[in-house]
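Numbering (this note's numbering), first residue to last: 15 to 471.
Every residue, glycine too, gets a C-beta built ideally from N, C-alpha and C.
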Amino acid sequence: MTQDLRALHLRKLPGVDRVLEHPRLTELGLRHALVRRVVVDAIAAERARVVAALDAARDPSPPVAELDALAAVARAQLDRWLQVHPRPVLNGTGVLLHTNLGRAPLSAAARVAVNDAAGTCDLELDLDDGKRGSRLAVLSPLLAALFEAEDALVVNNGAAALLLACTALAGGGPTGGVVLSRGQHVEIGDSFRVAEMAAAGGVPVISIGSTNRTHVRDYVAALRGRPAAALLWAHQSNFVQAGFVHEPQLAELAEVAGSHGVALIADLGSGSLGQPPGEPTVSDYLMQGATIVSFSGDKLLGGPQAGILAGSADAIARCRRHPLARALRCGKLALAALHATAIAHASASSPRLPLHDMLAIDQAQLRTRGVRLCQALGWPLDRVQDTEATIGGGSLPGQLIPSVALVAPGKAHQVAARLRRGDPPLVGRAREDQLWIDLRTLTEIHDDLLLKCLRPL
């Protein structure tokens with residue numbers, strides 16, 4: 015393809031200024047620089063497409079987008095940018111804590127708290143004496159009491175909590191570093207790894223043992239061979255090891271840490287207070303001798319994304335004073351939602367949170383509801399099928415919860431795409447080339463919206 019012929023085709027593309035003047039773009043009343051960025055990108059993408067077609071000789075005279083088409087492309091991009099995200103989505107996946115869908119849905123009380131805090135609020139003002147106060151003055155002691163810890167600290171997510179604990183308690187000086195079993199080099203979502211997060215503040219991670227077997231003597235040898243400031247215990251919350259495996263108990267490591275005068279940092283991942291059963295709790299780890307426990311404020315706690323540290327008063331004070339604490343602190347909206355969630359957990363009865371409600375509902379109730387929905391849709395009743403849901407969010411791997419799903423008519427990929435683009439979007443899971451809509455992760459208050467989404471199928 016000669017340069018002249020390529021230039022001949024590319025000259026057919028409208029100029030940037032002509033596209034900018036198109037009514038579909040001017041009617042938006044947006045900043046010129048913003049619209050220009052989108053228009054330039056749209057023209058560049060079309061230019062690259064035409065050049066690729068010419069170079070591959072797929073078409074000696076490929077069509078070139080005209081003015082209206084380029085304006086439509088730019089308008090579609092601007093419309094996407096101007097729609098507030100994240101958007102509400104109906105979760106029919108059967109994964110209660112779906113990371114891609116925002117994990118734990120907030121309670122009604124937490125939503126009210128967020129709305130109240132969105133305006134002017136007493137974030138760092140003591141209303142009693144009119145002086146500046148701490149944003150955690152009330153929340154920290156409440157969390158400490160709930161988790162049976164001496165003190166607690168809140169940062170913006172679980173990874174931040176781990177980073178702060180390792181950096182504040184094991185960083186700096188010739189004895190800096192944390193000892194971590196190779197069997198606990200856990201990888202969480204988006205390819206992030208516990209060891210890398212622990213080391214992100216400049217703290218060396220001393221790996222010991224093997225993938226499947228680590229012993230107390232490995233920790234002792236590491237402390238003798240290269241003095242470290244802390245032992246790190248990472249809960250295997252998102253996978254299960256079986257067979258010829260061994261990891262020391264946390265209480266055994268507490269003895270090693272105590273005898274060598276180093277901290278024991280336990281990364282729990284999910285901040286369980288006993289619900290659902292089967293997951294270790296924060297207070298369990300503290301009773302077994304952990305100096306400090308790091309965990310998430312969403313996941314099993316059922317609150318907003320946040321990271322919590324609970325442990326000894328001295329360890330928390332060291333974390334609170336570290337410069338990273340300022341960089342990693344939570345904003346007012348997350349703190350308000352977390353406080354409302356903590357208040358729910360303060361109840362002597364089971365907390366009324368969406369996560370716990372999803373866990374508690376009986377499969378027979380879901381089946382009755384599924385039949386009612388099928389009848390309303392005019393679908394045959396064999397589209398109501400028993401299935402299994404999961405906790406998700408890296409919690410209780412392998413534990414399945416009996417559930418019920420509606421099996422949508424049509425090919426899974428076609429139906430899934432159509433429902434994702436609906437209003438509201440609905441997400442299910444593909445199984446045997448059909449789309450299953452799990453009712454355990456869709457509360458009954460969503461049934462009218464669910465019917466609206468499914469009726470056109």
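Q: Starting from the C-beta of Ser409, find all residues in its chain whose C-beta is less than 7 Å away, skip the five residues before and the five after it, and write them out in chain order.
A: Leu111, Ser251, Ser284, Glu293, Lys313 and Leu314
(Q) Distance check for Leu465 and Asp400, CA to CA, integer angstroms please. (A) 19 Å
**Q.** Backbone CA spacing between Glu35 and Arg45 [nearest angstrom]
**A.** 13 Å
(Q) Within a Cβ cutoff of 7 Å, which residues of the same chain sit near Gln302, ignoring the five residues on either side of it in sequence? (A) Leu264, Ala265 and Ala268
Q: List the whole-angstrom C-beta distance separating Val168 from Leu150, where the pair is believed to meet the contact cut-off of C-beta under 8 Å.
A: 6 Å
Q) Excluding the five sequence neighbours on either side, which residues of its own chain have a C-beta within less than 6 Å of the C-beta of Leu156, listed in chain order? A) Ala356
Q | Supposed close pair Ile220, Ala243 - CB separation, criterion 8 Å | A | Actually they are not in contact, since the Cβ atoms of Ile220 and Ala243 sit about 10 Å apart, beyond 8 Å.
Q: Name the one or two DSSP bridge partners that Ser417 has.
A: Thr401
**Q.** Leu282 - DSSP class collapsed to helix/strand/coil
**A.** Strand, per DSSP.
Q) What's the C-alpha gap between Val276 and Ala182? A) 13 Å
Q) My guess is that Leu39 and Ala90 are in contact by the Cβ rule of under 8 Å, so how many angstroms apart are they, rounded? A) So it is not a contact: roughly 11 Å between Cβ atoms.
Q.
In this structure, how does DSSP classify Ala452 when only helix, strand and coil are distinguished?
A. The question names Ala, but residue 452 in the sequence shown is Asp. Of the three classes helix, strand and coil, the one that applies to Asp452 here is strand, per DSSP.
(Q) Can you check which of these residues, Gly215, Leu24, Gly345 and Arg227, is closest to His199 by C-alpha distance? (A) Taking only the C-alpha atoms, the option nearest His199 is Arg227.
Q) Which residue spans inside the segment 95 to 151 form an unbroken beta strand (DSSP E) run of at least 3? A) 109 to 111
Q) Taking the alpha-carbon positions, what's the Leu282 to Ala79 distance? A) 55 Å
Q: Taking all protein chains shown into account, decide if Ile459 is buried (16 or more other Cβ within 10 angstroms of its Cβ) or exposed.
A: exposed
Q. How would you label Ala213, buried or exposed, when you count the other beta carbons within 10 angstroms and need 16 or more for buried?
A. The residue in question, Ala213, is buried, as its Cβ has 16 or more Cβ neighbours within 10 Å.
**Q.** Under 8 Å between C-beta atoms of Val429 and Ala419
**A.** no
Q | Cutoff 6 Å; reference Ile306; Cβ partners in own chain excluding five residues on either side | A | Ala179, Ile279, Leu323, Gly325 and Ala329
Q: With a threshold of 16 other CB atoms inside 10 Å of the CB of Gln448, please say whether the residue is buried or exposed.
A: buried
Q) Using a Cβ-Cβ cut-off of 6 Å (strictly less than) and excluding sequence neighbours within five positions of Leu120, which residues of its own chain qualify? A) Around Leu120: Ala351.
Q. Hey, how far is the Cα of Arg445 from the Cα of Lys425?
A. Rounded to whole angstroms, the separation of the alpha carbons of Lys425 and Arg445 is 10 Å.
(Q) Strictly by DSSP, which residues pair up with Gly190? (A) Looking at the DSSP assignment, Gly190 forms no beta bridge with any residue, so it has no partner.
Q | The alpha helix (DSSP H) enclosing Asp298, as first and last residue numbers | A | Val296 to Met301
Q.
Among the candidates Asp143, Val254 and Ser310, whose CA atom is the shortest distance from the CA of Thr113?
A. Ser310
Q: Could you please give the first and the last residue of the uninterrupted alpha helix (DSSP H) stretch that includes Gly325?
A: Note, Gly325: premise wrong, no alpha helix (DSSP H); beta strand (DSSP E) at Gly321 to Gly325.
**Q.** Straight-line Cα distance separating Ile57 from Ser296
**A.** The sequence given here places Val at residue 296; Ser does not occur at that position. Cα to Cα, Val296 sits roughly 55 Å from Ile57.
Q. Can you pull the DSSP bridge partners for Asp82?
A. Asp82 has no beta-bridge partner at all, per DSSP.
Q: Using the Cα positions of Gly345 and Val103, report the straight-line distance between them to the nearest angstrom.
A: Answer to the nearest angstrom: the Cα atoms are 24 Å apart.
**Q.** Ser273: first and last residue of the uninterrupted beta strand (DSSP E) it sits in
**A.** Run containing Ser273: none in the beta strand (DSSP E); it sits in the alpha helix (DSSP H), Leu264 to His274.
(Q) In the DSSP assignment, the beta strand (DSSP E) including Val307 goes from what residue to what residue? (A) Ile306 to Ser310
Q.
Can you find the residues in the same chain that come closer than 8 Å, C-beta to C-beta, to Pro394, ignoring five residues on each side of it along the sequence?
A. Cys388
(Q) My assumption, with CB atoms under 8 Å, is that Gly106 sits in contact with Leu440. Please give the rounded CB distance. (A) 6 Å
(Q) Between Asp69, Leu81, Gly190 and Arg432, which has its C-alpha nearest Cys467's C-alpha? (A) Arg432
Q. Looking at the structure shown, is Arg45 part of a helix, part of a strand, or coil, going by DSSP?
A. Under the three-state reduction of DSSP output, Arg45 falls in the coil class, being neither helix nor strand.
Q | Bridge-paired residues (DSSP) for Asp165 | A | Gly325
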